[in-house]
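Structure first, commentary second.
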Amino acid sequence: MKLRTLRAAEREPLLDLLDGWELADGWRGRDFFRRYLELDARFADENVLVAEDAGRMIGCVQVFPREVRIAGAEVRLGGIGTVFTKPERRGRGVSRALLERAIAAMRERGMQLSLLFAGPIELYARLGWHSWGTRAVYRLDTARGTAAPRAAVEAFEPERHLEAVSALHAAYSGGLDGTVVRDAAAWQTSLRLAGNPDEEFWVARRAGRVCAYARATMLYGVLFLLEFGRAPDASDALADVVAHVMTPRTPDAFAPQGKTSAAFRSLATGCWVEDPELARALDARGIAGVRLEDPGAMLRCLDAPALARRLGASARGADAAGDVLRRILPPERFVFWPSDRF
Numbered sequence: 107m108k109l110r111t112l113r114a115a116e117r118e119p120l121l122d123l124l125d126g127w128e129l130a131d132g133w134r135g136r137d138f139f140r141r142y143l144e145l146d147a148r149f150a151d152e153n154v155l156v157a158e159d160a161g162r163m164i165g166c167v168q169v170f171p172r173e174v175r176i177a178g179a180e181v182r183l184g185g186i187g188t189v190f191t192k193p194e195r196r197g198r199g200v201s202r203a204l205l206e207r208a209i210a211a212m213r214e215r216g217m218q219l220s221l222l223f224a225g226p227i228e229l230y231a232r233l234g235w236h237s238w239g240t241r242a243v244y245r246l247d248t249a250r251g252t253a254a255p256r257a258a259v260e261a262f263e264p265e266r267h268l269e270a271v272s273a274l275h276a277a278y279s280g281g282l283d284g285t286v287v288r289d290a291a292a293w294q295t296s297l298r299l300a301g302n303p304d305e306e307f308w309v310a311r312r313a314g315r316v317c318a319y320a321r322a323t324m325l326y327g328v329l330f331l332l333e334f335g336r337a338p339d340a341s342d343a344l345a346d347v348v349a350h351v352m353t354p355r356t357p358d359a360f361a362p363q364g365k366t367s368a369a370f371r372s373l374a375t376g377c378w379v380e381d382p383e384l385a386r387a388l389d390a391r392g393i394a395g396v397r398l399e400d401p402g403a404m405l406r407c408l409d410a411p412a413l414a415r416r417l418g419a420s421a422r423g424a425d426a427a428g429d430v431l432r433r434i435l436p437p438e439r440f441v442f443w444p445s446d447r448f
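The sequence shown runs 107 to 448 under the working numbering.
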């Protein structure tokens with residue numbers, strides 16, 4: 107077996123390999139992963155590692171370079187995705203070999219953290235990734251009396267709203283550990299790829315200005331809040347947007363077959379964010395949020411001394427990597443928006 111990076115002329119063979127992936131939500135593998143090849147402005151063949159045997163691809167893994175905010179600094183992170191081995195070659199160490207090569211490549215490129223989202227987590231745990239995520243589940247209780255909306259909610263239009271939304275994202279997400287730093291290209295990539303394939307994107311306007319926004323889609327038959335943000339004085343406006351997302355509608359393009367819009371939209375999930383003002387505003391609208399562990403979100407420290415230096419922390423302790431992460435980035439504070447997923 108030979109491990110190497112993808113060649114430019116091999117994108118279609120790569121998609122042929124990935125078409126063997128049975129995906130949820132009705133996607134064919136080749137159609138789902140083609141989006142990342144063609145719509146991600148940051149895609150590069152060198153970020154895809156493939157395993158080949160007798161001249162044929164039998165497995166692959168992709169590294170997604172990102173800059174994330176942690177403790178006020180920007181840290182280089184390597185996302186891991188597109189991990190696949192042909193069914194008949196599984197159980198022979200192909201994925202493990204690819205992941206070990208990816209770890210080495212990320213370290214060589216100065217990445218200090220690695221993030222992935224896994225179903226079966228045992229392989230990744232053996233290679234040093236740790237479950238490091240929390241998830242919020244929001245429930246709408248329509249029987250409760252709710253506060254009247256205070257902001258006008260309207261559909262997002264890039265030409266009209268992107269500048270204001272980008273500023274809200276930079277300010278609100280900029281204060282959360284784990285969020286991706288987005289330039290114009292990263293914003294365009296997020297808008298192209300966040301949906302499944304479509305998304306709802308709503309903004310709140312108050313006194314003539316956009317002061318809050320939220321994005322949502324349907325993933326695995328569940329309503330997902332992909333991302334949200336607000337101005338410092340706009341917790342009520344953001345609660346209005348979330349309440350709008352969770353309001354039943356007819357027709358409802360997101361509601362799975364056989365499920366009513368009211369049942370589908372009564373629950374939503376997303377990242378847990380410590381925002382007491384928002385929690386109070388949501389509660390006034392009949393929406394309660396609870397925090398749950400998300401074992402499938404897994405983080406790995408690739409270079410504890412470099413990360414500590416970057417953040418002005420100490421890498422002391424027998425388990426320096428775990429020590430650094432636990433002290434500066436506890437799981438309950440880690441926020442990686444699904445709108446940046448890979």
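Where is the CB? At the ideal position from N, CA and C, for every residue including glycine.
Put simply, of 434, 178, 172, 194 the residue whose alpha carbon is nearest the alpha carbon of residue 186 is 172.
Under DSSP, residue 227 takes part in no beta bridge, so it has no partner.
Counting other Cβ atoms within 10 Å of its Cβ, residue 363 stays below 16 and is therefore classed as exposed. A distance below 6 Å between beta-carbons, with the five flanking residues on each side excluded, links residue 341 to the following residues of its chain, in chain order: 383, 384, 387. If you draw a straight line from the Cα of residue 287 to the Cα of residue 278, it comes to about 12 Å.
Setting aside the 5 residues that flank it on each side, residue 125 is surrounded in the same chain by 134, 135, 136, each with a C-beta closer than 7 Å to its C-beta; the list follows chain order. Counting of Cβ neighbours within 10 angstroms places residue 194 among the exposed residues, the total staying below 16.
Membership of residue 271 in any beta strand (DSSP E) is not indicated; the residue belongs instead to the alpha helix (DSSP H) covering 264–278. Inter-segment contact for the region 240–252 and the region 205–216 is absent: fewer than three beta-carbon pairs are separated by less than 8 Å. The beta carbons of residue 308 and residue 262 sit closer together than 8 Å.
It is roughly 5 Å from the alpha-carbon of residue 166 to the alpha-carbon of residue 190. For residue 368, the enclosing alpha helix (DSSP H) starts and ends at 367–371. Contact annotation: the region 336–351 does not touch the region 146–165, with fewer than three C-beta pairs closer than 8 Å.
Burial is judged here by how many other beta carbons sit within 10 angstroms of a residue's own beta carbon; residue 131 has fewer than 16 and is exposed. According to the DSSP assignment, residue 392 belongs to no beta strand (DSSP E), since it is labelled neither H nor E. Annotated three-state conformation of residue 244 is strand, per DSSP.
For secondary structure counted as the beta strand (DSSP E) over 3 or more consecutive residues, the region 273–312 holds these complete runs in sequence order: 306–312. Under the three-state reduction of DSSP output, residue 171 falls in the strand class.
Note on the region 331–369: whole alpha helix (DSSP H) runs with a minimum of 4 residues are 341–351, in chain order. Counted as a single uninterrupted DSSP element, the beta strand (DSSP E) harbouring residue 320 occupies residues 315–325. By the Cβ rule, the region 327–339 counts as touching the region 267–283, because three or more pairs are nearer than 8 Å. Between residue 146 and residue 299, the C-beta spacing is below 8 Å. Per DSSP, residue 403 lies in no alpha helix (DSSP H) segment; the continuous beta strand (DSSP E) that holds it begins and ends at 403–407.
By the criterion of a C-beta distance shorter than 7 Å, residue 416 is surrounded in its chain by 179, 181, 218, once the five residues flanking it on both sides are discounted. Counting only the Cα atoms, residue 260 lies some 8 Å from residue 311.
In this model, residue 303 and residue 325 are separated by some 10 Å (Cα to Cα). Across the set 355, 379, 378, the C-alpha of 355 shows the shortest separation from the C-alpha of residue 372. For residue 134, there is no enclosing beta strand (DSSP E), since its DSSP letter is neither H nor E. It is roughly 20 Å from the alpha-carbon of residue 407 to the alpha-carbon of residue 188.
DSSP places residue 122 within a helical segment (H, G or I) once states are collapsed to three.
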